[in-house]
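Trainee: Before I ask anything, let me first share the structure, which is written out below as C-alpha cells.
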Amino acid sequence: MSSEGFPARTLHLLDTELFSRPVYFMDQDERARLSYEKAKAIGLSYDMTIHDILSLTPKFWEMHNEPAAVLDGGAMTLLAIQYNLCAGTIARYSRRRPELVPLVEDLLQYRKHGQFMLTELGHGLDIANMETTATLLPSGEFLLNSPTPSAAKFMPPTVPAGLPCVAVVFARLIVDGEERGHRPFIVPLNDGKHMLLPYRGGTNPLTHSLTTFTNVRIPRSALLGSLEAPASVHANLLDIISRVTVGTIALSCVALPVLKALVTIGTMYSLRRQVGPPARRMPILSFRTQHAPVLAAAADAYVMQALQRWAIERFCDEGLDARVRHGVAAVFKGVIIRHSQQDAVAVSERCGAQGLFCHNQMMCHYNETRGLGIAEGDVLGLAIRLINEILIGRYEMPPPADPNSLLARHEASLLQDLRGVLKSISHHRSTEVNRLILPHCQPVMEAMGHRMAYEAAVVQGVRQCLVDLYVANVVKLDPAWYSEHAGLGQRAQQEMATRAMDEVLPILGELVHEMDMFAYVNAPIVSDESWAEFVGSLKVFGGDAHVDLGLERVGRHADPLVRSHL
1401 MSSEGFPART LHLLDTELFS RPVYFMDQDE RARLSYEKAK AIGLSYDMTI HDILSLTPKF
1461 WEMHNEPAAV LDGGAMTLLA IQYNLCAGTI ARYSRRRPEL VPLVEDLLQY RKHGQFMLTE
1521 LGHGLDIANM ETTATLLPSG EFLLNSPTPS AAKFMPPTVP AGLPCVAVVF ARLIVDGEER
1581 GHRPFIVPLN DGKHMLLPYR GGTNPLTHSL TTFTNVRIPR SALLGSLEAP ASVHANLLDI
1641 ISRVTVGTIA LSCVALPVLK ALVTIGTMYS LRRQVGPPAR RMPILSFRTQ HAPVLAAAAD
1701 AYVMQALQRW AIERFCDEGL DARVRHGVAA VFKGVIIRHS QQDAVAVSER CGAQGLFCHN
1761 QMMCHYNETR GLGIAEGDVL GLAIRLINEI LIGRYEMPPP ADPNSLLARH EASLLQDLRG
1821 VLKSISHHRS TEVNRLILPH CQPVMEAMGH RMAYEAAVVQ GVRQCLVDLY VANVVKLDPA
1881 WYSEHAGLGQ RAQQEMATRA MDEVLPILGE LVHEMDMFAY VNAPIVSDES WAEFVGSLKV
1941 FGGDAHVDLG LERVGRHADP LVRSHL
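Here you go:
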C-alpha cells in the first residue's frame, strides 16, 4: 500500500546523520535550518525535471506522498513551495522565455531556495485586493512597494537560510498610472525587509516571516507575463495563481502518509502496552475503546488512497471543465484533511499522556494538518466557493455512479435542501445567503467527498470490510439525517460500526504491514527497544545532597497531636 508501485526514494536517507539525529531538545532555530537541509535531500532524491513539474507526472505526485513527511512536516512544506509553487510558476513562463530555464533548474537542483509570496497580512483569502504594487518606471525597471503595513506578505519563510533565494512575488501592475491587474514577478530576496515571526506551536519549526518592500527596483525581465491589461482581471488572477490549485490537491496528499503513520503507531503501542496481573496480562488493543480509533484510521487510509488516485486522474484530465477539476481538488482536500485531523486526535488520545508529546509523532501531525488545511486554499473558503457555484448552476461535479447508495442519497439531500433555501432568497449575494447557506457549505462539500471516496474504494477493490467501516464512521458525522431519512436509528448505526470493526480487527496486523511505514516511524512508544533507547538519550539530572525537610523544627513547635504523627 505504501509504495503505490514507486521506488523507495528516501530510504537511503534515514540512516544519515541529517535524518537520524534527535531533534526534540534542539534549539528551534537550529531545527528550522535542519528542515531546509532535509527538504533539499528529499528533493534531490526525486531528480525532478521541468517536464515533471509542468506535466504533473506520477513522480510529481509520488513526491507529495513521500513517507518522510512524518519525520519533518516543515521539510515537506518547504519542498512543496520550492517545486510546485515557485519553480512551477516560473516553469510555465519558460515555455516562451527559454532564458528562465536555468533558474528553474537551479531551483529543482536546490542551488537556490525558492519562495512564493501571494497572501498579504491584511487580506488573507481576499487576494484580489492585494496592495503590493509594481510600478513601471521610464527606465523600464519596476518599483516594488508595500504601501501599508497590511500589504506585508505573510507566512513565506523568507529570512536567510544559507543559499541565494528568489521569490515569485504577486503585485498589482501599474503602467502610466493605470492599474493593469495582477502579475507575478521574480524577485531576488536580497532586498526587502524580512521579519521573523515566532514559531508556530506544536509543529516542526519553520521561519515564517512578514516581508515588505520599499522602493525595490527590479528589472523588466522580472515580470512574468505581459504589460497589457487583461480582458478579465479575475480570469487573469486565477490563471497566474494556477499552481495554487495544483497545490490544493498535491499538498493534501501529504496527509496520506500521516494517516498510515497514525495507524502504525497506534497499533504498535496498543500491542506493547499491557494490563492485568502477571499471569493474565493482555494488550490494551484487545479493548474496543482502544482499537476503534485505530481501525477507523486504517479504513480512512485505504479509502483516502483510493480517493486520491481517482482525484488525481480527474484533476489531470484536461478534457474536463477546469472549474470541475478545481472542484475535485477542493473536495479531496476537504475530506482527507478532516479525516487526518480527527484520526490524529482520536489515536493520540488512546495513547494517554504519551500521545501529547511531539516525539511520538501524533499530535504534531494534527497541528501540521491544520496548516495543510489553510495552505493552498483554505478548506472553508474552497467549500463556500464550490457549493455556491454549484447551487447557482455554473457547473456540476461528477455525478454518483449509484444515486441510490446511502452516501449518494445523503449528498443529494443536503444539496436539495440548500437549493430550496436559495429559491426563497432574492439574490445569491444577499445577506440571507450569509446566514442560511454559508454555514452549510463545508458539510455539503464533505458529504460529496464521502460519496466520491466510497465509490472510488469500491471500484478499486478496497476490502469490503474497510469500505463498510468507512461508511459506518461517515454515518456518525450526521446521525440525525441517517435516522430521519434512511431509517437508520441509533441502534442500527451502532450495529453497522460494530459489524465492520469485528471484520477489520483480525486483519489489522496485515493492514499495518501493507502500509509499510515502519522505517519512517521513530516514535519511542512503539517498542520496548525504542523506548529504552529514547530514555538513554534523555538529559539526566541528579545529586546526593542531604535534603533538610525541616520536620524536626516543625516537631518542636507543633501541637502535641501533630508531633505524635511526626
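Using the working numbering, you'd call the opening residue of the sequence shown number 1401 and step up by one each time.
Where a beta carbon is used, it is the ideal one built from N, C-alpha and C, also for glycine.
Here the structure is a predicted model, which means the values were calculated and not measured.
1. Can you tell me whether DSSP reads H1827 as helix, strand or coil?
2. Tell me, to the nearest whole angstrom, how far the beta carbon of I1665 is from that of A1923; I am working on the premise that it is less than 8 Å.
3. Output the distance between the C-alpha atoms of E1457 and G1942, rounded to the nearest integer angstrom.
4. What's the call for N1604, buried or exposed, on a 16-neighbour Cβ count within 10 Å?
5. What are the start and end residues of the beta strand (DSSP E) that includes A1571?
6. Could you spell out the range, first to last residue, of the alpha helix (DSSP H) harbouring Q1515?
7. With a 10 Å radius around its C-beta and 16 neighbouring C-beta atoms as the bar for buried, classify A1944 as buried or exposed.
8. Considering only DSSP beta bridges, list what L1756 is partnered with.
9. Is there contact here, the stretch 1859 to 1870 with the stretch 1699 to 1715, by at least three beta-carbon pairs under 8 Å?
10. Which same chain residues end up closer than 6 Å to C1751 when comparing Cβ atoms and leaving out the 5 residues on each side of it in sequence?
11. Flag this pair as touching only if the stretch 1435 to 1450 and the stretch 1407 to 1424 have three or more C-beta atom pairs under 8 Å; answer yes or no.
12. Would you list the one or two residues that DSSP bridges to A1696?
13. Tell me the residue span of the alpha helix (DSSP H) that contains L1618.
14. Reducing DSSP to helix, strand and coil, say where F1554 ends up.
15. Are three or more beta carbon pairs between the stretch 1741 to 1749 and the stretch 1619 to 1631 nearer than 8 Å?
16. Tell me, please, whether the stretch 1526 to 1535 touches the stretch 1559 to 1579 by the rule of three or more beta-carbon pairs shorter than 8 Å.
17. On a CA-only basis, which of E1578, K1512, D1526 is nearest P1588? Give me that one, please.
18. Here's the rule: buried if 16 or more other CB atoms are within 10 angstroms of the residue's CB, otherwise exposed. What is R1829?
19. Count the other CB atoms, across all protein chains shown, that sit within 10 Å of the CB of K1823; report buried if there are 16 or more and exposed otherwise.
20. In three-state terms, what does DSSP make of P1800?
21. Tell me, to the nearest whole angstrom, how far the beta carbon of M1848 is from that of E1884; I am working on the premise that it is less than 8 Å.
22. According to DSSP, what are the bridge partners of E1579?
23. From L1888 to K1876, what does the alpha carbon distance come to, in whole angstroms?
24. Are any of the Cβ atoms in chain D nearer than 8 Å to that of A1706?
Mentor: The structure says:
1. For H1827, the secondary structure class from DSSP, reduced to helix, strand or coil, is coil.
2. With 8 Å as the limit, I1665 and A1923 qualify as a contact, their Cβ atoms being about 5 Å apart.
3. The sequence given here places Thr at residue 1457; Glu does not occur at that position. The C-alpha of T1457 lies about 56 Å from the C-alpha of G1942.
4. By the 10 Å Cβ count, N1604 comes out buried.
5. 1565 to 1575 is the span of the beta strand (DSSP E), which, as asked, contains A1571.
6. Per DSSP, Q1515 belongs to no alpha helix (DSSP H); it is in the beta strand (DSSP E), 1513 to 1517.
7. Correcting the residue identity first, residue 1944 is Asp in this sequence and not Ala. The residue is exposed, with fewer than 16 neighbouring Cβ atoms inside 10 Å.
8. Here L1756 is not bridged, per DSSP, to any residue.
9. Counting C-beta pairs with one atom in each stretch, the stretch 1859 to 1870 and the stretch 1699 to 1715 have three or more that are closer than 8 Å, which means they touch.
10. Result list for C1751: Y1669, in chain order.
11. Flag = yes, the stretch 1435 to 1450 and the stretch 1407 to 1424 touch.
12. Beta-bridge pairing links A1696 to no other residue.
13. It should be noted that the sequence gives Ile, not Leu, for residue 1618. Unbroken run through I1618 is the beta strand (DSSP E), 1616 to 1618; no alpha helix (DSSP H).
14. In the structure shown, F1554 sits in a strand (DSSP, three-state: E or B).
15. With a cut-off of 8 Å on Cβ pairs, the stretch 1741 to 1749 is not in contact with the stretch 1619 to 1631, counting fewer than three such pairs.
16. By the Cβ test, the stretch 1526 to 1535 is in contact with the stretch 1559 to 1579, since at least three Cβ pairs between them sit closer than 8 Å.
17. When E1578, K1512, D1526 are compared, the shortest CA-CA separation from P1588 is found for K1512.
18. Label assigned to R1829: exposed.
19. Around the beta carbon of K1823, fewer than 16 other beta carbons lie within 10 angstroms, which makes this residue exposed.
20. Of the three classes helix, strand and coil, the one that applies to P1800 here is coil, per DSSP.
21. No, M1848 and E1884 are not in contact; Cβ-Cβ is about 20 Å, not under 8 Å.
22. BP columns for E1579 point to I1574.
23. Answer to the nearest angstrom: the Cα atoms are 11 Å apart.
24. The question asks about chain D, but that chain is absent: this structure has only one protein chain.
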